[in-house]
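K.L.:
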Amino acid sequence: MRHRVAMASPLYSLPGAPAPETAAPATVPAAAPPRTIGEVLAQSQAGAVIDELDAALVGLAPVKARIRDIAALLVVDRLRLAIGLEAQTPSLHMCFTGNPGTGKTTVAMRIAEILHRLGYVRKGHLVAVTRDDLVGQYIGHTAPKTKEVLKKAMGGVLFIDEAYYLYRPENERDYGQEAIEILLQVMENQRDDLVVILAGYRERMEAFFRSNPGMRSRIAHHIDFPDYEPGDLLRIASLMLEAQHYRLDDGARAAFEEYLARRIRQPHFANARSVRNALDRARLRQASRLFAEPDRAWTAADLTTITAADIRASRVFADPPPAG
Ligand SMILES: Nc1ncnc2c1ncn2[C@@H]1O[C@H](COP(=O)(O)OP(=O)(O)OP(=O)(O)O)[C@@H](O)[C@H]1O
Ligand SMILES: [Mg+2]
Numbered sequence: 000m001r002h003r004v005a006m007a008s009p010l011y012s013l014p015g016a017p018a019p020e021t022a023a024p025a026t027v028p029a030a031a032p033p034r035t036i037g038e039v040l041a042q043s044q045a046g047a048v049i050d051e052l053d054a055a056l057v058g059l060a061p062v063k064a065r066i067r068d069i070a071a072l073l074v075v076d077r078l079r080l081a082i083g084l085e086a087q088t089p090s091l092h093m094c095f096t097g098n099p100g101t102g103k104t105t106v107a108m109r110i111a112e113i114l115h116r117l118g119y120v121r122k123g124h125l126v127a128v129t130r131d132d133l134v135g136q137y138i139g140h141t142a143p144k145t146k147e148v149l150k151k152a153m154g155g156v157l158f159i160d161e162a163y164y165l166y167r168p169e170n171e172r173d174y175g176q177e178a179i180e181i182l183l184q185v186m187e188n189q190r191d192d193l194v195v196i197l198a199g200y201r202e203r204m205e206a207f208f209r210s211n212p213g214m215r216s217r218i219a220h221h222i223d224f225p226d227y228e229p230g231d232l233l234r235i236a237s238l239m240l241e242a243q244h245y246r247l248d249d250g251a252r253a254a255f256e257e258y259l260a261r262r263i264r265q266p267h268f269a270n271a272r273s274v275r276n277a278l279d280r281a282r283l284r285q286a287s288r289l290f291a292e293p294d295r296a297w298t299a300a301d302l303t304t305i306t307a308a309d310i311r312a313s314r315v316f317a318d319p320p321p322a323g
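Going left to right, the sequence shown walks through residues 0 to 323 as numbering that gives the first Met the number 0 numbers them.
1. Would you list the one or two residues that DSSP bridges to Ala127?
2. Near Ala54, which residues of its chain fall below 8 Å by C-beta distance, leaving aside the five closest residues on each side in sequence?
3. Given a cut-off of 7 Å, decide if Asn188 and Tyr227 are closer than it, judged by their beta-carbon atoms.
4. Please identify the residue among Phe268, His124 and Glu161 whose C-alpha is closest to the C-alpha of Met153.
5. Can you tell me which residues form a DSSP beta bridge with Asp223?
6. Is DSSP giving Ala312 helix, strand or coil here?
7. Taking just the CA atoms, how far does Gly100 sit from Arg121?
8. Is it true that the CB of Arg252 sits closer than 7 Å to the CB of Thr304?
9. Shorter than 6 Å, the distance from the beta carbon of Glu104 to the closest heavy atom of ligand 2, or not?
10. Only counting the same chain, and skipping five residues up and downstream in sequence, which positions put a Cβ closer than 6 Å to that of Leu302?
11. From the DSSP secondary-structure annotation, give me the bridge partner or partners of Ile196.
12. For Val394 and Leu114, which I take to be in contact (beta-carbon distance under 8 Å), what is that distance rounded to the nearest angstrom?
13. Among the candidates Arg272, Asp309 and Val274, whose CA atom is the shortest distance from the CA of Ala288?
14. In whole angstroms, what is the alpha-carbon distance linking Leu157 and Lys150?
15. Can you check DSSP and say which residues form a bridge with Ile305?
16. Going by the CB atoms, is the gap between Phe207 and Tyr166 shorter than 7 Å?
17. Assuming Pro32 and Ala81 form a contact by the criterion Cβ under 8 Å, report the distance between their Cβ atoms to the nearest whole angstrom.
18. Quick check: is any heavy atom of ligand 1 less than 6 Å from the C-beta of Ile196?
19. On the criterion of 16 or more Cβ atoms from any shown chain inside 10 Å, does Val75 qualify as buried, or is it exposed?
20. With H, G and I counted as helix, E and B as strand and the rest as coil, what does DSSP make of Ile113?
21. Where Arg314 and Ala254 are concerned, what is the direct C-alpha to C-alpha distance, given to the nearest angstrom?
22. Buried or exposed: Arg77, going by 16 or more other Cβ atoms within 10 Å of its Cβ?
23. Going by C-alpha distance, which of Ala299, Leu232 and Pro293 is nearest Leu278?
24. Is any heavy atom in ligand 1 found nearer than 6 Å to the beta carbon of Leu59?
25. By how many angstroms is the C-alpha of Leu133 removed from the C-alpha of Arg217?
26. Taking Cβ positions, are Val57 and Ile235 nearer each other than 7 Å?
27. Less than 7 Å separating the beta-carbons of Thr96 and Met204?
28. Please report the straight-line C-alpha distance between Gln44 and Leu240, rounded to a whole angstrom.
29. Where do the N-terminal and C-terminal ends of the alpha helix (DSSP H) with Ala179 fall, by residue?
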């Protein structure tokens, strides 16, 4: 089981999202109602976020396609509204299943921003929680805890990681049930201003839904996050390094490919998260390597390049090579 830090506070405030209370200055003429999909996307700037999601995230083709579909529905709703057609608020609660490090939290943050830009939620922040943030230890503690979290998340996305821990069938009097019931109510009644995303391993989530049909019926979108292929992981590594002004030289690239082939077979492999951790350690080793020669004037290339030695010093290479 993984342990996480409880995170009930709005973790991510998204750049570019205007504060909800800022009214437009009175002198600016109101934008004409949008007439085309392109106009809706341009006015809302949701198109830019979707393109950025495409560019910034490696792989995840089915996930990206689903997000485009959801955005399309919301954009068409806006067009219908602009010509006076009533549109029922669609249910946007989602379930993200997949192994650790497959991008669930990252995608949830982007979705929060897209929903905000399309005017679906007021603020577009993401509040990430686990069971401990919602469920109390003693009688009477759960309802206030859950309600407090819901209050913080209102106007944005509530992301419940490993949501199945809310339900403990082995314990008849588990307070998790109380949290689930409050969630169900709010998911139904306030769905125009709060999107709930449940996340976790697929099999456990399935079992959770079997025992909680009310929850299943409120989730409109089930999105599966596949494990990354080694090629995807390598591209993710390049993107992460680029963002920090580092690069792998040719030897390091080959070493990292080998590293991944070994690491994938080891316990606790966590997809892109393991890549991030491996690169963090490689940067430490690079720094120590440069540190060892205090009198040398390092060039920009030296300071930005990770070499094969920085990768191969990993513990992962100490084990026997993978069979086959
Ligand atoms: N497709 C991707 N392209 C680029 N970076 C990615 C991709 N997927 C994940 N990452 C990066 O990998 C790290 C882990 O991703 P994230 O936290 O979203 O995964 P997760 O599925 O929520 O994992 P966990 O279940 O462990 O919480 C983040 O730093 C994220 O930016
Ligand atoms: Mg996560």
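A virtual CB, placed ideally from N, CA and C, is assigned to each residue, including glycine.
P.N.:
In terms of the structure at hand:
1. Phe158
2. When the five nearest sequence neighbours on each side are left out, no beta carbon in the same chain lies closer than 8 Å to the beta carbon of Ala54.
3. no
4. His124
5. Thr96
6. coil
7. 29 Å
8. Not in contact: Thr304 and Arg252 (Cβ atoms no closer than 7 Å).
9. For the record, residue 104 in the displayed sequence is Thr; it is not Glu. Answer for Thr104: yes, Cβ within range of ligand 2.
10. none
11. Met93 and Phe158.
12. Here the chain comprises residues numbered 0 to 323, so residue 394 is not present and cannot be evaluated.
13. Reading off the sequence, residue 288 comes out as Arg, not Ala. Considering only alpha carbons, the answer is Asp309.
14. 10 Å
15. Looking at the DSSP assignment, Ile305 forms a beta bridge with Leu247.
16. Result yes, Cβ atoms of Tyr166 and Phe207 sit closer than 7 Å.
17. 4 Å
18. no
19. exposed
20. Looking at Ile113 - three-state DSSP - the assignment turns out to be helix.
21. 13 Å
22. buried
23. Ranked by how close their Cα comes to the Cα of Leu278, the residues Ala299, Leu232 and Pro293 have Leu232 in first place.
24. The answer is yes for Leu59.
25. 19 Å
26. yes
27. yes
28. 28 Å
29. Just to set this straight, residue 179 is Ile in the shown sequence, not Ala. From DSSP, the alpha helix (DSSP H) with Ile179 extends over Gly175 to Asn188.
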